[in-house]
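Visitor:
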Amino acid sequence: MNALYDFSYLTGSIHEWLSERVSPHAVTIVEMILVGISFMLLFAILGIVLVYAERKVSAFFQQRLGPMRVGKWGTAQTIADVIKLLLKEPLMNKEADKFLFNLAPFVIMIAAFMAIAALPFAKGLQALDFDIGILYVAAVSSLGVIGILLAGWSSNNKYSLIGAMRSGAQILSYELSVALSLLTIVVLTGSLQLSVIVESQADGWWIFKGHIPAFIAFIIFLIASTAETNRGPFDIAEAESELTAGFHTEYSGLKFAFFFLAEFANMFIVSAIGATVFLGGWMPLHIGSWEGFNAVMDFIPPIFWFFGKVSFLIFMMMWFRWTFPRLRIDQLLTLEWKYLLPINLVNIVVMAFLGLMGWHF
Amino acid sequence: MKSIINYFKEIYFGLKSLVTGMRVTGHYITHPKEIITQQYPENRDTLKMFERFRGEVVLLHNENNEHRCTGCSACEIACPNGTIEIINKKVDIDGRKVKALDTFVYHLQMCTMCGLCIPACPTDAIKMANTFEHAVFDRSKLTKVLNKPGSKLMDGVK
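From first to last, the protein sequence lines stand for chains G and R.
Quick note on the working numbering: the first sequence kicks off at 1 and runs consecutively.
Quick note on the working numbering: the second sequence kicks off at 1001 and runs consecutively.
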């Protein structure tokens, strides 16, 4: 690994620079603030870029052009949208539960912030490296559903409530598949720590090393994580044609923008988890003992590898969304409980057997 | 046993149908030349409407300022909205009084572009043109007279 691309030198030098000047407690506080600001910036940039990407990609999937008027190729469209959302009046239903109504967008955003903290973006660029990283990420990424349920409940709107309850049923079901498909890979890595999982893929990504069971787990993860982020074809929680906008029907202005941002942030987070566990995270593409090839791949900075893989997965999720028709609630639960979960359970046993016999690379 | 086979069959055909759908949209995203959206005001000079687009009714005239309308009012009867009004006159031809078209009045503001008048015409005198920029500032401009001044019936059309 090229030492130039190791972010721990940068973060370490910031830490030393701060330690020489202020007390250890203040260092921790300043570092927490710095990390928080950088994640907020990341979310803001992600929101702007992903909304534009979503609109463009969906347009091209439907033989349209998408936004073209604001700026060259419509690139400033999202900025115009943000300004519009900021200037909008925050309306509230008269009968709404005011405290919960205002709390719900923050719960969703906090869940997204908690999840992104544990993601390894590049070597040494990770806010928190828990030894139970995957468990932590799987746990907090499903906290967002509390925000959805709060929003639906407090809006005093039956559409919102139906949307929220659907979302609850959906996330409860699909969380199982997400966790089990991640566990399939954890069987091989032997660790839940995200940095260790990335390091274990230095000689090949798990999707290649783990044979067919890893591939099946990857497919299941793609389906289940799409469902977990409430995106189409699993967007019954906000099914426009049935429930106007589902749980965020009553929200407007900045609070609506929070829900909107959280959807894209969650999409980024599940894609990042998928990229880390199945596609090697920031690890470049290495093939066994091809020294020359590996050296060339090492030349590309890990941060590009990470964001490239995440973009690939996000593109796949957009492809799903703009191709498949929306599932009914019974079809949704059938897909999970009749197909994904049994296949997943068998798959994890097969993977454990492979791991035990040492048949993986 | 049969149910187990059916279970895997369902998975296989389900996945297959999903891949079929994704192949269609995948074709669309990899072929940006096939995009059908038009950048309208910018490409106004080069924009070409499709043959079957129905913009407005026109009465066809040839280079001698002759049309094929006999004034039979079949289009007026066929029109569901009363868009077309045919006003006839009597002309002398070889000492006989013959009915002929005086004014072909067309109310564009009432037209739904259904095109029912076109097949109703026994002499193929009218046609749907594919013009579409019909906005005007004065409502009276929407009531049009389709036969050009001084035009007459083409020889041999009855």
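Heads up, the beta-carbon is just placed ideally off N, CA and C, and yes, glycines get one too.
No experiment lies behind these values; they were computed from the predicted model shown.
Whose C-beta lies closer than 7 Å to the C-beta of residue 253 of chain G among residues of the same chain, with five residues either side of it excluded?
Guide: 85, 88, 89 and 90
Visitor: Is there at least one Cβ from chain G nearer than 8 Å to residue 1001 of chain R's Cβ?
Guide: no
Visitor: In angstroms, rounded to a whole number, what distance separates the CA positions of residue 93 of chain G and residue 250 of chain G?
Guide: 7 Å
Visitor: So is residue 295 of chain G buried or exposed if we call it buried at 16+ other beta carbons inside 10 Å?
Guide: Answer is exposed; the Cβ neighbour count stays below 16.
Visitor: Tell me whether the beta-carbon of residue 228 of chain G lies closer than 8 Å to the beta-carbon of residue 142 of chain G.
Guide: Taking 8 Å as the Cβ cut-off, residue 228 of chain G and residue 142 of chain G qualify as a contacting pair.
Visitor: List the residues of chain R whose Cβ lies closer than 7 Å to the Cβ of residue 68 of chain G, in chain order.
Guide: 1039
Visitor: Could you please give the first and the last residue of the uninterrupted alpha helix (DSSP H) stretch that includes residue 266 of chain G?
Guide: 253-278
Visitor: Taking DSSP's pairing of strands, which residues face residue 122 of chain G in a bridge?
Guide: G/125
Visitor: Taking residue 1106 of chain R and residue 1057 of chain R to be in contact with their CB atoms under 8 Å, please state how far apart those CB atoms are, rounded to whole angstroms.
Guide: 6 Å
Visitor: One question on the structure: do residue 193 of chain G and residue 235 of chain G come within less than 8 Å of each other, judged by their Cβ atoms?
Guide: no
Visitor: How many whole angstroms separate the CB atoms of residue 82 of chain G and residue 115 of chain G, which I take to be in contact at a CB cut-off of 8 Å?
Guide: With 8 Å as the limit, residue 82 of chain G and residue 115 of chain G do not qualify as a contact, their Cβ atoms being about 23 Å apart.
Visitor: For the beta strand (DSSP E) containing residue 1013 of chain R, name the first residue and the last one.
Guide: Not the beta strand (DSSP E): residue 1013 of chain R falls in the alpha helix (DSSP H), residues 1002-1030.
Visitor: If you run the structure through DSSP and keep just helix, strand and coil, what is residue 1 of chain G?
Guide: The pLDDT assigned to residue 1 of chain G is 49, lower than 50, so where the model puts this residue is not dependable, and the model offers no usable value.
Visitor: Looking at C-alpha atoms only, which residue of G/60, G/22, G/25 and G/108 is the closest neighbour of residue 258 of chain G?
Guide: G/108
Visitor: Find out if the Cβ-Cβ distance for the pair residue 104 of chain G, residue 144 of chain G is shorter than 8 Å.
Guide: No, these two residues do not count as a Cβ contact at 8 Å.
Visitor: So what does residue 1084 of chain R bridge to, in DSSP terms?
Guide: R/1106
Visitor: At what residues does the beta strand (DSSP E) containing residue 1126 of chain R begin and finish?
Guide: 1126-1129
Visitor: 8 Å is my cut-off, CB to CB: does residue 1046 of chain R come that close to chain G?
Guide: no
Visitor: Does residue 1021 of chain R get closer than 8 Å to chain G when you measure Cβ to Cβ?
Guide: yes
Visitor: Where does residue 203 of chain G fall in DSSP's three states?
Guide: coil
Visitor: Which of the three DSSP states, helix, strand or coil, is assigned to residue 1094 of chain R?
Guide: coil
Visitor: For residue 319 of chain G and chain R, any beta-carbon pair shorter than 8 Å?
Guide: By this cut-off, residue 319 of chain G is an interface position.
Visitor: Assuming residue 1056 of chain R is part of the beta strand (DSSP E), what are its boundary residues?
Guide: 1056-1059
Visitor: Would DSSP call residue 1089 of chain R helix, strand or coil?
Guide: Correct three-state label for residue 1089 of chain R: strand.
Visitor: Between the alpha carbons of residue 157 of chain G and residue 1075 of chain R, how many angstroms are there, rounded?
Guide: Each residue's CA atom was taken as its position, placing residue 157 of chain G and residue 1075 of chain R some 53 Å apart.
Visitor: Kindly indicate if chain G contains any beta-carbon less than 8 Å away from that of residue 1011 of chain R.
Guide: Interface flag for residue 1011 of chain R against chain G is set, since a Cβ pair is found closer than 8 Å.
Visitor: Does DSSP classify residue 82 of chain G as helix, strand or coil?
Guide: helix
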